[in-house]
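I have placed the structure first, in the form of structure tokens, so that the comments after it can refer back to it.
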Amino acid sequence: MKKLISKLLLGVAILASSACTKTDNYDGPNASFQGNILSSEGGNLLTSGGSPQIWLQQIGWTTPQTIPCKFDGTFEDTKLFKSNYKAVPTGGAFWPITDTVIVKIDQGSKHDFTVTPYIVIKNFTSTLSGTTLTLKFNITAPIAAGLPNIKDIQPYVNTTKLVGAGASIRDFSDVNAIAINKAYTDLSDADKSITLTIPNLIPGRTFFVRAGVRLSDSFNSSNFSEIVQVDVPK
Amino acid sequence: MKSINKLIITITLGIGATVTSCQKLNIAPTNIVTPAIIFNSEAGVKSLLATIYADLPIEDFKYRPDGGDDNNGMQRPGFNPGNPWMNFYNSAAVTGEEVGPFGGMDIGSGFGYWPYADIRNVNTLISELPKHVATLTQATVNSLLGEAHFLRAYYYFGLAKRYGGVPIITVPQDPGAPLSTLQVHRDKEQATWDFIGAELDLGYQMMSEISDAGRANKYVAVALKSRAMLYAACVAKYGSTNFIDGPARGQGLVGIPADQATKYFQAAYDAAKLLDGHYSLYNQNSSDKVKNYTDLFLDASSKENIFIRQYSITLNLNTPAGPHSWDATMSPGRMTSGGLSRSYPTLDFVQLWSNLPITNSDGTPKRFNNLLDLTQGLEPRLRATVYFPGETLRGLTFDTQRGIYPSFSGTAAAEVAKAPNSRTWQLQTDPNVLYPNKTDPNAKQVIGFTGISNNLGDDQLTRTGFYVRKYINYNAAKTNVDLYKSIQPWIDLRYAEILLNRAEAAVELGNTGDALTDINLIRDRAGATPYSSIDLDKVRKERRMELAFENQYYWDLKRWRTADVVLDRAHFKGLMPYYVFNENKYIFLAETELFNREYTFQKQFYYEPIPGGQINQNPNLLPNNPNY
């Protein structure tokens, strides 16, 4: 009996050791790609959830992929396959870039893209009076000719630092939008000096606020101001 | 020795018999249908046609523009989805005609419709039929070929309005052919529409004047042509001002040069004109125009029906021609014996006709003695399209009521602007709760049995104050209204649409006289005041009113290239009826519908993305449409 068991065990051991042991010799998605979307007007492009993306097409493959851009204008993807990719920033409120760059993505690859924003928000100030917040700023366009029409200008108000299109409280944000629907070149200087009013903020709360200018480009994308924190006193 | 001899003889005989017995087994397999079986009799061809018609992309009751489920081998997303009872998932529910089941613009990218297997069936039919003239006769072959060209155009129309240019494949491909010939490039968008137009011309020339219900005849072909050419014309005219650039556009795979628009408008107009005198608007009951308009969608003998899809209660409910569930899913549970509703007409849609008289000149809500009084003087077509509060179905009243105000003062606008917790209303989730209490002799229900519940998670009752009336079979007994019990046909093409196609093309071509006549025919039947002059806005508005809930407006918004403007963070309104207790009167307030959905149509949705799986099989389908 013991002999039988040891023979059986031997058999199993032989089978196990001779079983298919080929290892997967392809690298996993261990390459990474990160960088900034820089504004031609200085600093990173101010963005919001779901707007700009880095469009990537692995050379030799047909289906593109995208890396969404973070609120501070940076992007990062740490699970990419090592390869050459065509890359281009897309989907944000900046002049379209038609030339795709070819980047070699490997471990720790970095690349910065520079874009020209449609609209830049300057001299952004916020003043709170009671529960009414007033935002004042000027808008300028680095390139005015051929700019998509400006649809509207509005505040974005949220209770977290992640504030922007798709991340805001509608009753404080979309409701206080000013419709423009004009070409930038048809705006007078006075029209380019904007005042937004947000009434009836809730006392004792902290809000994060920014302004956005929405354009009628193919993404209906927006250019944003920086984000300010507003503490409404009790 | 003798026995050995015997043995030898026996073995020799045995081997001899075995060796010479070999006869090749060569008979046709009896379980495979060969072309000869199908194409040598008209009945055989009809059985193939039945498959082709069943797979036709008709956007009927069961059509799910988001694709829906595919939980069963015989079903396919979109046109024959799994769980085919959920008829409230229609495209009206993302365009503001209705609100309900979708969380937003959930249908913009489509569901990867790619019917080349179905097109192959038609291509086989077209290539086989001419070989069988001897058994089928030349006349039959011609008429069937005409029908096949119509069917092929129908499939390509379903593709062109989604993707723009697609590969035009007109012969059954040989699966053994080299890959390079199987991976066909996309044709230009203009070439695709021209192909559809030419196919429908063949259909018109080759088919006869009359056909069985549910099958095409020559007028069905030109009716579809008027719809298709109008789409192409609008792509040319409006798609050349509102577009997204990209390689596909640069190569003409999407988009048509603007100077082609007139040609297509003319083709749409000419096609529609060919139906003159062969069909007419349903006008059986001119004294009761509400009844006439509701019966138009239920009367099988209607001369307005050009092309319909029929359903049968005896067929498997998971097949395209199995019964549908419109009655059980468009009305509240009070009027049915099963099912549930989930999509409801909006006040914005109802106010296409005109603003409802719910507010006095001083801004206070008008007081009504009963709910139905609001419908006094409304256009019969509107009342036949939408169930207002106070209307009756199967002997039961829509007692729709959002709540009770113990007393009400001030203007409607001021009341609606108040924070919900500072309004003095009484709301409820249970229709059996009475106000002020159940022992009070004057006690009233806080909400109706048909809504509006304050339980915002319970979406089986209206959130807008309205229910759909179009296509509702009011003759069906309540006990017989349940899931998979409805068989009223879907009217895919009706003469009113042809008049609207004709009027729109005419206005675009500058022929306002013809357009005015067409529109006034429709307005007269609807019970509306005729127009004395016409313009494009009026024609488009008439189209929205006449063809509401028929899965047309979504495509209209797309071809007019106005969807991204109309549906830009759009919210819609409902009509909320309240009972004012101390006055014993009803008031109506226009408020945001209770789902509070937001709809945004992105510009890239004017074309759907070529399905990724198809691109993997055929990289020649690239470049994909802009922004995908």
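In order, the protein sequences belong to chains C and R.
Under this note's numbering, think of the first position of the first sequence as 2, with each following residue one higher.
Under this note's numbering, think of the first position of the second sequence as -11, with each following residue one higher.
No residue lacks a Cβ here, since even glycine has one placed at the ideal position from N, Cα and C.
{"query": "R/I15 versus R/P118 - alpha carbon distance", "result": "27 angstroms"}
{"query": "Neighbour list for C/D187 in chain A, Cβ cutoff strictly below 8 angstroms", "result": "Chain labels in this structure do not include chain A; the protein chains are C and R."}
{"query": "C-beta contact flag for R/G240 and R/K149 at 7 angstroms", "result": "no"}
{"query": "Continuous beta strand (DSSP E) stretch holding R/M564: start and end", "result": "K561 to V568"}
{"query": "For R/E403 and R/L340, the rounded distance between their alpha carbons", "result": "24 angstroms"}
{"query": "Cα-Cα separation, R/I40 to R/V434", "result": "53 angstroms"}
{"query": "Where C/T63 meets chain R, residues with beta-carbon distance less than 7 angstroms", "result": "I603, N604, P607 and L610"}
{"query": "Chain-order list of residues whose beta-carbon lies under 6 angstroms from that of R/A204 (same chain, five-residue window excluded)", "result": "E135 and F138"}
{"query": "Beta-carbon neighbours of R/Q627, restricted to chain C and to distances below 9 angstroms", "result": "It is not possible to answer for residue 627 of chain R, since the shown part of chain R is limited to -11 through 616."}
{"query": "Rounded C-alpha distance that separates R/T307 from R/Q63", "result": "7 angstroms"}
{"query": "Nonlocal neighbours in the same chain, by C-beta distance under 7 angstroms from R/R371, ignoring five residues either side", "result": "V278 and T363"}
{"query": "Outcome for R/E534 when other beta-carbon atoms lying within 10 angstroms are tallied against a minimum of 16", "result": "buried"}
{"query": "Residues that DSSP places opposite C/T99 in a beta bridge", "result": "None, per the DSSP bridge assignment."}
{"query": "Those runs of the beta strand (DSSP E) which lie wholly inside the region 192 to 217 of chain C and span at least 3 residues", "result": "194 to 199 and 207 to 216"}
{"query": "Three-state secondary structure assigned by DSSP to R/A236", "result": "helix"}
{"query": "C/V121 to C/I151 span [Cα, whole Å]", "result": "13 angstroms"}
{"query": "Distance between C/L197 and C/L47 (C-alpha atoms, nearest Å)", "result": "19 angstroms"}
{"query": "Contacting positions in the region 547 to 572 of chain R - beta carbon closer than 8 angstroms to chain C", "result": "D552, D556 and R557"}
{"query": "Per-residue DSSP class, three states only, for C/P69", "result": "strand"}
{"query": "According to DSSP, residues forming a beta bridge with R/V121", "result": "None; R/V121 has no bridge partner."}
{"query": "Under 7 angstroms between C-beta atoms of R/Y541 and R/T83", "result": "yes"}
{"query": "R/H266 - DSSP class collapsed to helix/strand/coil", "result": "coil"}
{"query": "Cβ-based neighbour list, R/L524, same chain, cut-off 6 angstroms, excluding 5 preceding and 5 following", "result": "V495"}
{"query": "Cβ separation of R/G391 and R/Q414, assumed to be a contact under 8 angstroms, to the nearest whole Å", "result": "5 angstroms"}
{"query": "Under the three-state DSSP convention, the category R/V278 falls into", "result": "helix"}
{"query": "Amino acids of chain C, ordered along the chain, whose beta-carbon sits closer than 7 angstroms to that of R/G600", "result": "T64"}
{"query": "Distance CB(C/V214)-CB(C/V229) smaller than 7 angstroms", "result": "no"}
{"query": "Contacting residues, own chain, Cβ-Cβ under 7 angstroms from R/E116 (five flanking each side not counted)", "result": "P23 and F27"}
{"query": "Span of the alpha helix (DSSP H), counted from its first residue to its last, around R/D506", "result": "T500 to A514"}
{"query": "Short CB-CB distance (under 7 angstroms) between R/I232 and chain C", "result": "yes"}
{"query": "Meets three-Cβ-pair contact criterion under 8 angstroms: the region 156 to 163 of chain R and the region 205 to 218 of chain R", "result": "no"}
{"query": "Sequence-distant residues of the same chain with beta carbon closer than 6 angstroms to R/P599, five excluded per side", "result": "G100 and W102"}
{"query": "Assigned secondary structure, R/G66 (DSSP; H/G/I helix, E/B strand, else coil)", "result": "coil"}
{"query": "Residues that C/N85 bridges to, as DSSP identifies them", "result": "C/K105"}
{"query": "Spatial distance of R/L286 from R/W478 (CA atoms)", "result": "9 angstroms"}
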